[in-house]
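K.L.:
The C-terminal position of the sequence shown is numbered 218 in the working numbering, with every residue numbered one higher than the one before it.
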Amino acid sequence: MKKLVSLIIGLSSLATLHVFSIPPVDLLFFNVTQQGNTVLLEWETNSEVNNDLFTIERSLDGLTFNEIDTVSGSGTTVTSMSYSLIDPGPFTISTIYYYRLRQTDFDASFDTFSMVSIQFVTSINQTTKAPMITNVTVYPNPLSDKGRITIESPAHSEFNVKIFGILGNEVVSGKTKNQEYLIPVGSLKSGMYLYEVSSAKDDVYDSGKFLIDHP
C-alpha cells in the first residue's frame, strides 16, 4: 500500500515523499482439504502487525457468508506463523462449500482475503459402509406440514438421524422406525436444513439437505 505525502520546504520548494505502509497481515496461503467427515483449514502468515484474531466464514453460494469460528492472531511478529482449524460440518455429499478468512486488528479494523472452495465427496466411512444403505429419500421436498426420511437397506437395521440448521447446529435427533424417520416439521422454522443418517456407532452412511417452507 503506497501513500503520497507532500512536504513544503521553505517557501517555494516542494518535495514528494513516498511512504509505504506495511499490511496488517502478509498471508502466504489459505488452503482447505477434506479429512474424513470434516474439513481442515490451514493458513500461514509471513508477518503480522497488531493482529488480534482471524475469523473463518463459510458459505453455500459464495455470496452470503456465516461465521463458524475464530482463531487468535499473533499480535505483531516478523516470524512466519502457521494456523489450522477443523470444521466438523455437517456437510452434504457433492456440495461445494466456500470459505473466507477475515483478519481483525486490535483497533477493530479488518481485512478480508479471497475465498477458497471445496467440493465435499464421499467420506471414508461412506465408502466402506455404503452397502448397508441403497437409497435415502426425503419426501416431500420442500416440506410444508409433514415429511419423512425413508431409508432403503437390505440389513433392515435401525439408524440414527440428526438434523442440523444451516450453520451446523443440531436441532433434532432420533432413530428410524421401520426404516423411516418422521421429520418434526411443526417444531422447525422455515429454512434449509441438513441431515445425517448414521449407524449406532455413528458411522455416517448418508447426508443431504431439505427445505421447510411453512405456508
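Here a beta-carbon is modelled for each residue, glycine too, at the ideal position from N, C-alpha and C.
#1: Given this structure, state the Cα-to-Cα distance separating Ser97 from Asp55, to the nearest angstrom.
#2: Measure the C-alpha to C-alpha separation of Glu199 and Ile59 and round it to an integer number of angstroms.
#3: Provide the residue(s) that pair with Lys165 in DSSP beta bridges, ordered along the chain.
#4: To which residues does DSSP link Gln37 through a beta bridge?
#5: With 16 as the cutoff for other CB atoms within 10 Å, does Leu197 come out buried or exposed?
#6: Quick one: what does DSSP say Gly171 is sitting in, helix, strand or coil?
#7: Could you give the C-beta distance for Ile84 and Ser75, rounded to a whole number, given that I count them as a contact under 8 Å?
#8: Helix, strand or coil, according to DSSP, for Ser97 in the structure here?
#9: Can you tell me where the beta strand (DSSP E) holding Ser87 begins and where it ends?
#10: Tell me, please, which residues DSSP counts as bridged to Leu221.
#11: So the candidates are Asn172, Val164, Ser202, Gly194; which of them puts its Cα closest to the Cα of Ile186?
#12: Which residues in the same chain have their Cβ closer than 7 Å to the Cβ of Thr115, if we skip the five residues on either side of it in sequence?
#13: If you run the structure through DSSP and keep just helix, strand and coil, what is Val188?
P.N.:
Checking against the coordinates, here is how it stands:
#1: If you number the sequence shown from 1, residue 97 lands on position 94. If you number the sequence shown from 1, residue 55 lands on position 52. CA-CA distance, Ser97 to Asp55, rounds to 35 Å.
#2: For the purposes of this step, residue 199 is taken as the residue at position 196 of the sequence shown. For the purposes of this step, residue 59 is taken as the residue at position 56 of the sequence shown. Straight-line measurement puts the Cα of Ile59 at about 24 Å from the Cα of Glu199.
#3: Numbered from its first residue, the sequence shown carries residue 165 at position 162. In DSSP, Lys165 forms a bridge with Ser176, Glu199.
#4: Position 34 of the sequence shown, counted from the start, is the residue given in the question as residue 37. Paired residue(s): Val42.
#5: Translated into positions along the sequence shown, residue 197 becomes position 194. With 16 or more other Cβ atoms within 10 Å, it is buried.
#6: Locating residue 171 in the sequence shown gives position 168, where the first residue counts as 1. Reduced to three states, the DSSP call for Gly171 is coil.
#7: As a first step, residue 84 is located in the sequence shown; it is residue number 81 there, counting from the start. As a first step, residue 75 is located in the sequence shown; it is residue number 72 there, counting from the start. A quick correction: the sequence has Met, not Ile, at residue 84. Not confirmed; about 11 Å, so no contact.
#8: Taking the first residue of the sequence shown as position 1, residue 97 is located at position 94. Ser97 falls in the coil class under three-state DSSP.
#9: Stepping through the sequence shown from its first residue, residue 87 is reached at position 84. Residues 84–90.
#10: There is simply no residue 221 to check, as the chain begins at 4 and stops at 218 in what is shown.
#11: Residue numbering aside, residue 186 sits at position 183 when the sequence shown is read from its first letter. It is Val164 whose Cα lies nearest to the Cα of Ile186.
#12: By 1-based counting over the sequence shown, the position of residue 115 is 112. Leaving aside the five residues that flank Thr115 on each side, the residues in its chain whose CB is nearer than 7 Å to its CB run, in chain order, Arg103, Arg105.
#13: Here the question's residue 188 lines up with position 185 in the sequence shown. In the structure shown, Val188 adopts helical secondary structure according to DSSP, grouped into three states.
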